[in-house]
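In UniProt numbering, the protein residues as written are 1 to 315. Notes to accompany the following structure.
Written as structure tokens, this is what we have:
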């Protein structure tokens, strides 16, 4: 297992390098001058030239990338021009809020998806299977941002059960119940689509496992159906399902960019939207790089869990 983890970590080096290059080039090739956008239309040419020099925009692309990458490797993501604070501090603070949202959504999606997939497989072609399939198709077909607005309209505006926006109450609150109260709508919005994907893959994996000989042997020994399904069949199916959950972790992180805007959640997605609007290049590069690297690390964790469940998987 140690050699497998080391080989996977070594494989991440070119991936992370490619991510940094893509992030840098996307921001560098956006039309317009970041210095002019930051200073506004009434900035003097002298101020624009000075800011371009401070940001390193007067150098060629290879030099700018090498300088930025060297600073990133040293733990310095630069300084935000719009917030006047280190990018690393801002990204770390915002990313913590995003992890709370994405983690809650992923846990909810995994639980709902696994239970729905198992129920659909055990009751194949029955009423439960048809209802789960219908719910999954409807959930997958809905755009996430539209689903968020729909949930706000129903649960916050019409029924007044849950808050519309924010992470904690403005007046008072701030404890765990208050956080969970504000977390319910955005986490459910992110979880519904991911749960549908997990449910479909769980159903397919369970149907394949339930036909295998060891399941028939477990039933022949007199084990209860619940133990056969959850103790034997689901464990074998998880080898196939875990990579899907890892991919959905990346989907949840990516979906947080616009869900945080819809629900005014103070995470990294909302930060990126504001940074793009103000052409804060270093803040955008730092935020996107952290999100992309987190996606890669989530998939690495999923691969390690898959290997723990099935050591036969080749490195």
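Virtual Cβ for every residue (Gly too), placed ideally from N, Cα, C.
- Three or more Cβ pairs drawn from the segment 174 to 190 and the segment 250 to 265 lie within less than 8 Å of each other, which places the two stretches in contact.
- In the three-state DSSP reduction, residue 211 falls in the coil class, being neither helix nor strand.
- If you ignore the 5 residues before and after residue 151, its C-beta comes within less than 8 Å of the C-beta of 185, 188, 189, all in its own chain and listed in chain order.
- Where residue 123 is concerned, there is no enclosing alpha helix (DSSP H), because DSSP gives it neither an H nor an E.
- When 166, 210, 11, 231 are compared, the shortest CA-CA separation from residue 101 is found for 166.
- Contact between the segment 230 to 246 and the segment 296 to 305 is established, with three or more Cβ pairs separated by less than 8 Å.
- Take the alpha-carbon of residue 156 and the one of residue 168: they are about 15 Å apart.
- With a 10 Å radius around the Cβ and a threshold of 16 neighbouring Cβ atoms, residue 170 comes out exposed.
- For the 8 Å CB-CB criterion, residue 282 and residue 40 do not form a contact.
- Around the beta-carbon of residue 74, fewer than 16 other beta-carbon atoms lie within 10 Å, marking it exposed.
- A Cβ-Cβ distance of about 7 Å is found for the pair residue 124 and residue 207, placing them in contact under the 8 Å criterion.
- Your pair residue 286 and residue 88 checks out as a contact, with CB atoms roughly 7 Å apart and the cut at 8 Å.
- Residue 158 and residue 143 have their C-alpha atoms spaced approximately 21 Å apart.
- For residue 252, the enclosing alpha helix (DSSP H) has its first and last residue at 234 to 262.
- Taking a cut-off of 8 Å on C-beta distances, the segment 42 to 55 does not touch the segment 235 to 243, as fewer than three cross pairs fall below it.
- Within the same chain, Cβ atoms closer than 6 Å to the Cβ of residue 161 are found at 155, the five residues on either side in sequence being excluded.
- Under a 10 Å Cβ-count criterion, residue 67 is classified as exposed, with fewer than 16 other Cβ atoms of the shown protein chains found around its own Cβ.
- In this structure, the straight-line span from the alpha carbon of residue 92 to that of residue 138 is close to 36 Å.
- Looking at 4, 121, 13, the one whose alpha-carbon comes closest to that of residue 205 is 121.
- The criterion of a C-beta distance shorter than 8 Å is satisfied by residue 82 and residue 278.
- Taking residue 147 as the centre and dropping the five residues before and after it, the same chain places the C-beta of 189 closer than 6 Å to its C-beta, in chain order.
- For residue 17, the enclosing alpha helix (DSSP H) begins and ends at 2 to 28.
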